[in-house]
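Notes to accompany the following structure.
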(Lines of atoms letter the chains of each structure in order from A and count residues from 1; the text may use other names and numbers.)
(Lines give C-alpha, C1' and ligand atoms only; values in the text may rest on other atoms or scores of the structure.)
Protein backbone atom coordinates (compact mmCIF):
# COMPACT_ATOMS: atom_id res chain seq x y z
CA UNK A 1 0.00 0.00 0.00
CA UNK A 2 1.23 3.50 -0.84
CA UNK A 3 0.89 6.11 1.93
CA UNK A 4 0.76 9.66 0.64
CA UNK A 5 -0.93 12.78 1.95
CA UNK A 6 -3.26 14.70 -0.35
CA UNK A 7 -2.01 18.26 -0.84
CA UNK A 8 -5.13 20.42 -1.13
CA UNK A 9 -3.30 23.46 -2.57
CA UNK A 10 -1.69 21.28 -5.25
CA UNK A 11 -5.09 19.84 -6.20
CA UNK A 12 -6.65 23.32 -6.28
CA UNK A 13 -3.90 24.55 -8.61
CA UNK A 14 -4.93 21.98 -11.24
CA UNK A 15 -8.18 23.71 -12.21
CA UNK A 16 -9.61 27.21 -12.63
CA UNK A 17 -13.26 26.64 -13.52
CA UNK A 18 -15.93 27.77 -11.06
CA UNK A 19 -18.85 25.73 -9.70
CA UNK A 20 -17.38 22.41 -10.86
CA UNK A 21 -16.65 19.79 -8.19
CA UNK A 22 -13.41 17.79 -8.32
CA UNK A 23 -13.20 14.54 -6.34
CA UNK A 24 -9.97 14.13 -4.37
CA UNK A 25 -10.73 11.12 -2.18
CA UNK A 26 -13.25 8.65 -0.79
CA UNK A 27 -13.99 7.32 2.66
CA UNK A 28 -16.60 4.63 3.20
CA UNK A 29 -19.63 5.86 1.23
CA UNK A 30 -18.47 9.50 1.09
CA UNK A 31 -16.40 11.59 -1.30
CA UNK A 32 -14.22 14.60 -0.55
CA UNK A 33 -14.54 17.24 -3.25
CA UNK A 34 -12.88 20.57 -4.01
CA UNK A 35 -14.66 23.46 -5.68
CA UNK A 36 -13.81 27.04 -6.60
CA UNK A 37 -16.70 29.48 -6.55
CA UNK A 38 -17.20 33.14 -7.47
CA UNK A 39 -20.39 35.10 -8.05
CA UNK A 40 -23.90 33.84 -7.40
CA UNK A 41 -25.39 30.40 -7.82
CA UNK A 42 -29.10 29.65 -8.12
CA UNK A 43 -31.55 28.75 -5.36
CA UNK A 44 -31.62 24.98 -4.85
CA UNK A 45 -32.27 22.31 -2.25
CA UNK A 46 -30.62 19.02 -1.26
CA UNK A 47 -33.56 16.75 -0.49
CA UNK A 48 -31.68 13.57 0.44
CA UNK A 49 -28.48 14.68 2.17
CA UNK A 50 -26.97 17.30 4.41
CA UNK A 51 -24.23 19.41 2.77
CA UNK A 52 -20.88 20.19 4.45
CA UNK A 53 -19.00 23.33 3.35
CA UNK A 54 -15.40 23.78 4.57
CA UNK A 55 -13.77 27.08 3.54
CA UNK A 56 -10.10 26.63 2.60
CA UNK A 57 -9.52 30.11 1.16
CA UNK A 58 -11.67 33.23 0.97
CA UNK A 59 -15.24 33.49 2.18
CA UNK A 60 -18.70 32.67 0.95
CA UNK A 61 -22.28 33.47 1.86
CA UNK A 62 -25.14 30.99 1.90
CA UNK A 63 -28.52 32.69 1.72
CA UNK A 64 -31.56 30.94 3.12
CA UNK A 65 -35.17 32.09 2.76
CA UNK A 66 -35.05 33.18 6.42
CA UNK A 67 -31.44 34.36 6.85
CA UNK A 68 -27.85 33.77 5.82
CA UNK A 69 -24.50 32.49 7.03
CA UNK A 70 -20.98 33.67 6.17
CA UNK A 71 -18.28 30.98 6.04
CA UNK A 72 -14.69 32.24 6.16
CA UNK A 73 -11.32 30.51 5.73
CA UNK A 74 -10.89 27.86 8.41
CA UNK A 75 -14.64 27.55 9.10
CA UNK A 76 -17.23 24.97 8.17
CA UNK A 77 -21.02 24.87 8.03
CA UNK A 78 -23.50 22.02 7.62
CA UNK A 79 -26.69 22.77 5.68
CA UNK A 80 -29.42 20.33 6.75
CA UNK A 81 -31.19 18.38 4.02
CA UNK A 82 -34.37 19.92 2.69
CA UNK A 83 -33.31 23.56 3.31
CA UNK A 84 -33.41 25.81 0.24
CA UNK A 85 -30.20 27.79 -0.23
CA UNK A 86 -28.33 30.10 -2.58
CA UNK A 87 -24.51 30.07 -2.28
CA UNK A 88 -22.36 32.98 -3.46
CA UNK A 89 -18.92 34.50 -3.12
CA UNK A 90 -17.99 38.11 -3.86
CA UNK A 91 -14.40 37.03 -4.64
CA UNK A 92 -12.97 33.62 -5.52
CA UNK A 93 -13.45 31.14 -2.69
CA UNK A 94 -12.01 27.60 -2.36
CA UNK A 95 -14.09 24.97 -0.58
CA UNK A 96 -14.04 21.33 0.35
CA UNK A 97 -17.37 19.50 0.33
CA UNK A 98 -18.08 16.09 1.85
CA UNK A 99 -21.03 14.20 0.43
CA UNK A 100 -22.26 10.66 -0.26
CA UNK A 101 -20.88 8.95 -3.38
CA UNK A 102 -24.45 8.43 -4.54
CA UNK A 103 -25.04 12.17 -5.01
CA UNK A 104 -25.37 13.08 -8.69
CA UNK A 105 -24.35 16.67 -9.33
CA UNK A 106 -26.46 18.05 -12.14
CA UNK A 107 -27.21 21.61 -11.08
CA UNK A 108 -30.69 23.09 -10.93
CA UNK A 109 -33.03 23.96 -8.08
CA UNK A 110 -33.88 20.39 -7.06
CA UNK A 111 -30.37 18.97 -7.19
CA UNK A 112 -26.80 19.57 -6.16
CA UNK A 113 -24.49 22.52 -6.59
CA UNK A 114 -22.38 21.91 -9.68
CA UNK A 115 -21.97 20.78 -13.24
CA UNK A 116 -23.10 17.48 -14.69
CA UNK A 117 -20.09 15.33 -13.83
CA UNK A 118 -17.67 15.41 -10.95
CA UNK A 119 -14.13 14.62 -12.05
CA UNK A 120 -11.20 13.07 -10.23
CA UNK A 121 -8.03 15.13 -9.93
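In the working numbering, the protein residues as written are 53 to 173. Ideal Cβ positions, reconstructed from N, Cα and C, are used throughout, including at glycine.
When DSSP states are grouped into helix, strand and coil, residue 153 belongs to the coil group. Buried is the label assigned to residue 107, since at least 16 other Cβ atoms lie within 10 Å of its Cβ. Check the Cα spacing between residue 137 and each of 69, 97, 127, 53: the tightest is with 97. Counting the other CB atoms within 10 Å of its CB gives residue 124 a total below 16, which places it among the exposed residues. When the beta-carbon positions are compared, residue 110 and residue 143 come within less than 8 angstroms of each other.
Nearest C-alpha to residue 86 among 100, 99, 105, 94: 105. By the CB criterion at 8 angstroms, residue 76 and residue 58 fall inside the cutoff. According to DSSP, residue 147 shares a beta bridge with 87, 107.
The Cβ atoms of residue 113 and residue 131 lie no closer than 8 angstroms to each other. If you ignore the 5 residues before and after residue 55, its C-beta comes within less than 6 angstroms of no other C-beta in its own chain. Note on residue 94: under 16 other CB atoms within 10 angstroms of its CB, so exposed under the neighbour-count rule. Looking at the DSSP output, residue 172 sits in a beta bridge with 75.
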